[in-house]
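First up is the structure itself, then whatever we jot down about it.
Protein chains in written order, with the numbering used here: chain A, 3 to 280; chain B, 571 to 836; chain C, 6 to 154; chain D, 17 to 357.
Quick look at the structure:
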């Protein structure tokens, strides 16, 4: 047997968590222990998840590398493959190949404060880093998480949000778009950039990690700039359509930068260098 | 064509239209589409027997439509396509001016689409002799022979979709083959998938195809896919008395007659 | 070798033929069991691609059946369908697809016996034609390593 | 290195073909259908086309097939079984009649498929291929190999390069690789000692039309140019150019299911298609045809040289010949070179 780049690991779905309408989290375990042993990844990387007979789809690994023995992914049911994934039950076998892409330079952030800003379904790629940082809590100063979704129902990882809320070493701010609040909603109401401006976290010795829909990113960057964040202090991820995950299929490039190899993690400074094609 | 150049210049200079679509000398011995947006470019306009690309394919193209009102140097097949597109609400008098080129290579300008319709209705859609012979030849084959003929002919097809791109009637922003829920036709080029794709194309063009051969001319592998639509044209004639693109009235396949023949139904 | 049992897919409309087939059953009329029935709201909904896919998935014969003319639950669905079948049948014929393997019929809700007859006759004629190997041969793409065209 | 040069008599070529066939070699050679010449499994020597300037499709179909299985799966009560493609079963193939530009393209494809991640499926297919290059003794207005660093007698990529000496002359065979030597060892009597080993005068003359280094440097600042919009107005957005190109490597991965069994298939795709980059959300980073056309040129003349140190174009001119609307890559490159930013 040759080394086949396209050959996925067989993964068993151990647990399915319903997160929000159309959004599920799968906890996946390697069917073969040997695969599990040689597999390693870092925060920020992604993989190709596949339903045999339907196809492959790209999303990040949502669990932190500090938790061994399984990986998790969270996806929203939108296309052909995510629909098929959504139809899978606990115990089903799916494919996974990866990890691909670059990583969040967590080691370089040692001794700094972290500010996480996420919108909607973009919390999963960040959750990996958040847990990674929380598991190594002593390495960082303040950790602030600002998370917004369209409505209360659309907030993902509701259990974990409660968890973070109770932790004394994390400052969690949740918000929903105006009109999306429920009667008993205790969090903020307003769009993410507005809330960031209101909370006004200090930029001193702080790294900001921003993930969300393009509009959110577009309006959050200026707010961060006003708060004194330089472009090198802001990290984000790009999500482009991909097929291979390793720089061959020709889809994901933005100019000469391949999101699958050079990304998905970019600093705002790097993004500004890219042509407007993402 | 001196008349065409002169008229194109007038139209552009008077801002009556934003763009004139015609032909220019291409590379090698080819001709190609030209989009005249300023009067100097109009000098490049030509017309001769090599100008066979169906320019109506550009009428529904986003990048061209955005420019504003257009004038099209239209040969008979192009005029037919325009009428068909108008009948499908893809183009109206407000956004097109037809500079007709008659089969005798004379320029006639039409005031509106109704006049174009009247003009094209003078000519029947005729299938040329060479293709007619080919159709007859296929007709005489046995069913397994025909099957083999098409499997062999379509096997080289690598699904570049040049046939679809060149066809003025294939203007859907998302074609059936681009959908994946359900995936009607396999994305990779496969023997059966290729046949399915070309059957689908022929069916979707039934009653709409005006037999311009753009699909065949565009095919980089010269697969005679136009035979499929030609057969449909003949069948439409046989079963329903044929059709001409028309601004008003029912489309062949979106209507019915209570007495459509049904000798094959038990 | 066991006798060839044809696989037949029937695309039928909900209002007439499906009810008719129901009647065949409740009337205890015996008929061939080779047919798998797929119910549609109307014959107008039976897309030609479904027929091709049935062959693709291994059907040896197809029955398409709905309400008699003028009986359509939606007034004209079967008229539209008929016009499409006329064109589709001739295109099938032209591309060498065996049109003897596609049977079209009108079966009303009261014609339980006719449904049995249609199925039996189709099974008989498909049995004579044998398995649709021509189609199956090209349908089995995954068996092939590569396609060079 | 001294290249082993031999003489192959003009009537020896058929003998060579027959001997190789007797040695149960699979030979893919250009043959004609509907007036178009393409590499096909050749049964006999007579069916091989000669005198062509260029085949309609490139020979990449052999090492990078339009559709190839990458794995099989089957589901059963016991669970799922997945099996990768067994490349040991791939036959040895002789690619006969490859033009030097195509042979050159093999190297360019290889650099894509071996960019950090080594694509062993591609590499394995390539390792089974012996390339019989045939130098060009004529060219047409679409050829521009010399502008991208090639030439009509380029040995790069071929295992044996045949050059016909004169219109009806014998062939000069340059044995370039170990695979070439293997062929010679199968029929040594046909590869005679060569007296005349000068091929240059028999080669086609292909003038240099642009400077590819200059184009590359210019493209760095050319992303926002209006030129892309002007050039691509005519473009209909089909995939003909990409599918005939010897170096276009964009692909799609699709699952083909039949009941409980099926395969995952890698198949060609084209950056010219409007849905190539579309996200599930409906957002499309390359929404306009001009952006897709820009991607095609930039990928070949800017991104690839920058990232892979090779150009993505061999100057074969196929895309221009195949284009239904006469998008001529040479013409467009020249106009990029001429236009001032």
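Here a beta-carbon is modelled for each residue, glycine too, at the ideal position from N, C-alpha and C.
CB contact below 8 Å: residue i versus chain B
i, result
"residue 78 of chain C", "no"
"residue 139 of chain C", "yes"
"residue 61 of chain C", "yes"
"residue 284 of chain D", "yes"
"residue 110 of chain C", "yes"
"residue 17 of chain C", "no"
Residues near residue i in its chain [Cβ-Cβ closer than 8 Å; skip 5 each side]
i, result
"residue 128 of chain A", "118, 120, 211, 213"
"residue 3 of chain A", "Low local confidence applies: a pLDDT of 43 at residue 3 of chain A is under 50, so the model's placement there is unreliable, with the coordinate-based value given in what follows. The answer is none, since no qualifying residue turns up."
"residue 754 of chain B", "746, 747, 766, 770"
Cβ of residue i within 8 Å of any chain C Cβ
i, result
"residue 772 of chain B", "yes"
"residue 695 of chain B", "no"
"residue 708 of chain B", "yes"
"residue 820 of chain B", "no"
For residue i, the nearest candidate out of the options (CA to CA)
i, options, result
"residue 49 of chain A", "A:279, A:96, A:113, A:236", "A:96"
"residue 20 of chain C", "C:40, C:47, C:43, C:9", "C:47"
"residue 38 of chain D", "D:316, D:59, D:244", "D:59"
"residue 683 of chain B", "B:642, B:694, B:667", "B:667"
"residue 107 of chain D", "D:131, D:70, D:62, D:142", "D:142"
"residue 27 of chain A", "A:68, A:101, A:160", "A:160"
"residue 398 of chain D", "D:70, D:44, D:128, D:232", "Outside the shown range of chain D (17 to 357) lies residue 398 of chain D, about which nothing can therefore be said."
"residue 635 of chain B", "B:619, B:591, B:687, B:812", "B:591"
"residue 181 of chain D", "D:282, D:313, D:219, D:315", "D:219"
"residue 20 of chain A", "A:46, A:7, A:74", "A:74"
Proximal residues to residue i (C-beta, below 6 Å), its chain only, five neighbours per side dropped
i, result
"residue 88 of chain D", "99, 279"
"residue 56 of chain C", "67"
"residue 60 of chain C", "140"
Where residue i meets chain C, residues with beta-carbon distance less than 8 Å
i, result
"residue 704 of chain B", "Under the 8 Å cutoff, chain C gives no residues; its nearest Cβ is about 12 Å from residue 704 of chain B."
"residue 828 of chain B", "74, 75, 84"
Neighbour list for residue i in chain B, Cβ cutoff strictly below 8 Å
i, result
"residue 57 of chain C", "766, 769"
"residue 245 of chain A", "Neighbours of residue 245 of chain A on chain B: none; closest Cβ ~11 Å, over 8 Å."
Distance between beta carbons of residue j and residue i, contact taken as under 8 Å
i, j, result
"residue 257 of chain A", "residue 271 of chain D", "Contact flag wrong, Cβ pair sits at about 31 Å."
"residue 249 of chain A", "residue 260 of chain A", "5 Å"
"residue 173 of chain A", "residue 144 of chain A", "7 Å"
"residue 49 of chain C", "residue 25 of chain C", "Their Cβ separation, rounded to whole angstroms, is 18 Å, which puts residue 49 of chain C and residue 25 of chain C out of contact at 8 Å."
"residue 760 of chain B", "residue 83 of chain D", "7 Å"
"residue 253 of chain A", "residue 293 of chain D", "5 Å"
"residue 238 of chain A", "residue 202 of chain A", "With 8 Å as the limit, residue 238 of chain A and residue 202 of chain A do not qualify as a contact, their Cβ atoms being about 20 Å apart."
"residue 225 of chain A", "residue 183 of chain A", "No, residue 225 of chain A and residue 183 of chain A are not in contact; Cβ-Cβ is about 22 Å, not under 8 Å."
"residue 330 of chain D", "residue 124 of chain D", "7 Å"
Contact with chain D by residue i, beta-carbon distance below 8 Å
i, result
"residue 106 of chain A", "no"
"residue 787 of chain B", "yes"
"residue 735 of chain B", "yes"
"residue 35 of chain A", "no"
"residue 110 of chain A", "no"
"residue 756 of chain B", "yes"
"residue 644 of chain B", "no"
"residue 218 of chain A", "no"
Chain-ordered neighbours of residue i on chain D, where CB pairs are closer than 7 Å
i, result
"residue 719 of chain B", "In chain order: nothing, as chain D lies at least about 13 Å away."
"residue 85 of chain A", "What residue 85 of chain A touches in chain D: nothing, since even the nearest Cβ is about 10 Å away."
"residue 760 of chain B", "83"
Closer than 7 Å at the beta carbon, the chain A residues around residue i
i, result
"residue 296 of chain D", "80, 81"
Under 8 Å from the C-beta of residue i: neighbouring residues of chain D
i, result
"residue 748 of chain B", "291"
Neighbour list for residue i in chain C, Cβ cutoff strictly below 7 Å
i, result
"residue 805 of chain B", "92, 95"
"residue 515 of chain B", "Because chain B here runs from 571 to 836, residue 515 of chain B falls outside it and cannot be looked at."
Residue-level contact to chain A via CB, residue i, 8 Å cutoff
i, result
"residue 230 of chain D", "no"
"residue 77 of chain D", "no"
Contact with chain F by residue i, beta-carbon distance below 8 Å
i, result
"residue 265 of chain D", "Of the protein chains in the structure, A, B, C and D, none is chain F."
Closer than 9 Å at the beta carbon, the chain C residues around residue i
i, result
"residue 809 of chain B", "88, 91, 92, 95"
Proximal chain A residues relative to residue i, where beta-carbon distance stays under 9 Å
i, result
"residue 128 of chain D", "249, 250, 252"
"residue 751 of chain B", "81, 82, 85"
Proximal residues to residue i (C-beta, below 7 Å), its chain only, five neighbours per side dropped
i, result
"residue 34 of chain C", "117, 118, 121"
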